[in-house]
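Numbering (the numbering used here), first residue to last: 1 to 112.
From the three backbone atoms N, C-alpha and C, an ideal C-beta is built for every residue, glycine too.
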């Protein structure tokens, strides 16, 4: 489907992302937004969320994104990012971070 020639984001798709070190990922995205949004705008939000989460985790080399779930709460759009990384004790850690974003692909802040 398209809106003025732009591809709309489907309800589920894989977002392809590559870290600076060359590691590539296909991250499952579940789009639970009620409003139809251009895919390139959601991809922009996904990119920003991944970069913010990787920086906050301080695990540039071992950061492994797993899934993004997009949904609406009463005020904002929220992205739930599930990821894993290896900590300084060489143990696998799993985390979930939440970020608010708008329909234009702008990511605002991490939601605690």
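Open item on the list: Determine whether the beta carbon atoms of residue 96 and residue 65 lie at a separation below 7 Å.
Closed with: No, Cβ-Cβ distance for residue 96 and residue 65 is not below 7 Å.
Task: Residue closest to residue 45, alpha-carbon to alpha-carbon, out of 102, 110 and 54 - done: 102
Open item on the list: Let me check one thing: in DSSP terms, what residues is residue 62 bridge-paired to?
Closed with: Note: residue 62 sits in no beta bridge, so no partner.
Task: residue 6 to residue 56 span [Cα, whole Å] - done: 33 Å
- [ ] Report the three-state DSSP secondary structure of residue 41 (helix, strand or coil).
- [x] helix
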